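Numbering (my numbering), first residue to last: 387 to 816. We put the CB at the ideal spot given by N, CA and C, even for glycine. Given the structure is predicted, the values throughout are model-derived calculations rather than measurements. Report on the structure given below.
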RNA sequence: GCCGUCGUAGCUUAGCCGGUGGAGCGGUUGACUGUUAAUCAACAGGUCACAGGUUCGAAUCCUGUCGACGGCGCCA
């Protein structure tokens, strides 16, 4: 029976004899005494190993075990002001499960080193905290949608057709044919709403774009939803509800982890519906007032998104982009011709787009026209067109970049640190 | 894809107007029974990214290749 390190701090357990196990986080020794900071998934605690309090060979092992050696320790919980956190374990038994070789990551760290040793770096305080927050975010997405009557629906990763017009796909060999890694769950979701009506999913999406920026991964986790009968306004409400719920859940469950990144639960709890909404045309005007002249019909770029998001203290919806720069499935607003019924949700503080969504075009003719406009062959989308032939209904959905949300919540410099093993333009190892 | 910066011990780096490479951390050995990135002493550890060129002589100058990082473009 082993005790998790965080349990040692929870109530008054001074004087109790416990067994703990984990990895050596820090170690130093001074003659007849060794100080070992032990780490497990729940936290760290100082262990003092004094010569004479345990068998000689165990004391020697404790002195010579290097950082990251795995150990099992028995000892008494003692109060001591000199120990970090105020308590320590005074060892009466010290068993090394595996002596570690010199750990390649020391206090001197470069970006390159940490990426090359990513498999070891994820043991760090920062990475462990991020992974815990990330786990909370995934759980919150599930909880949000399931509690509102959504079904989880899975789509294939291997596909034969495009999802996002213009985006580059990863090509893979599929026996004697070509297949592509999915860029979005959406087209399959549009089929599945005819049986389940309200669905969501969290799955990897793949984009073979050569982008080298702080907000692009080639493989990222995409939380998507699709709803039958829903219009743009319905999914805007779901989007702001989802983001607010994620923030609230992280604030409640991950205060210690947030602190490591200098983020505060209070700030997250301020992210509540409704979020401000701005039409593309108005966004251009607001940008122009600050001296940024964006030609009409251009997508908002990094600088513009950053500027815009800093005008609000909550994430902001930008809606009604010009239809000519939008993907083929985004329909024209009948009340604002030339504009799409679509939106991006921009996070605060310049972190940029975290959600993109829209209503979906239901006219086969319009879909075909726009596919041809984008240089696609409508013949590849026959099954998708079928969905409009058999009881078509208005429907809408959106996709959220999970790593972008994690990055925003923690205030990370780069999206690569919002996932355990990032896949980047120049990085596929380890 | 374009532009920029950079590749020197396991790691972080000094040396760059050419003349056989220094340090800190980490490691090993020793001292030390209250350390907080412990301290002190000694030792070990280098094809100066790779290939070519200039030169009596290249880590240093030139060319090319590869790799890393940052930005732009493109994009979620």
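- Following the DSSP letters along the chain, one finds residue 608 inside the beta strand (DSSP E) bounded by residues 605-614.
- Remark: C-beta atoms of residue 575 and residue 616 do not approach each other more closely than 8 Å.
- Within the DSSP secondary-structure output, residue 786 pairs in a beta bridge with 609, 741.
- Assigned with DSSP and collapsed to three states, residue 682 falls in coil, not helix or strand.
- Rounded to the nearest angstrom, the Cβ distance from residue 610 to residue 571 is 5 Å, consistent with a contact under 8 Å.
- Cα atoms of residue 756 and residue 711: separation of roughly 11 Å, rounded to the nearest angstrom.
- The closest CA to that of residue 456, considering only 399, 447, 464, is found on 447.
- Out of 429, 430, 435, the CA that lies nearest to the CA of residue 420 is found in 435.
- The Cβ atoms of residue 643 and residue 515 sit closer than 8 Å to each other.
- Here the alpha carbon of residue 560 sits roughly 12 Å from the alpha carbon of residue 543.
- In its chain, beyond the 5 residues on either side, 425, 454, 456 have a beta carbon closer than 6 Å to the beta carbon of residue 409.
- Contact between residue 601 and residue 785 does not hold, since the beta-carbon distance rounds to 15 Å and is not under 8 Å.
- Between residue 405 and residue 458, the C-beta gap is smaller than 8 Å, which places the two residues in contact.
- Per DSSP, reduced to three states, the secondary structure at residue 690 is helical.
- Here residue 747 really is in contact with residue 717; their C-beta atoms are around 4 Å apart, less than 8 Å.
- Distances from the alpha-carbon of residue 732 to those of 790, 751, 485, 460 put 790 closest.
- Membership of residue 805 in any beta strand (DSSP E) is not indicated, and neither H nor E is assigned to it by DSSP.
- Shown here for residue 389: same chain residues with a beta carbon closer than 6 Å to its own, the five before and five after excluded, namely 404, 406 in chain order.
- Look at residue 462 here: in three-state DSSP terms it is strand.
- In this structure, residue 726 lies near residue 744, with their beta-carbon atoms less than 8 Å apart.
- Between residue 699 and residue 734 a beta carbon distance of about 7 Å is seen, short of the 8 Å cut, so the two are scored as contacting.
- With fewer than 16 other beta carbons inside 10 angstroms of its own, residue 495 counts as exposed.
- Per DSSP, reduced to three states, the secondary structure at residue 792 is helical.
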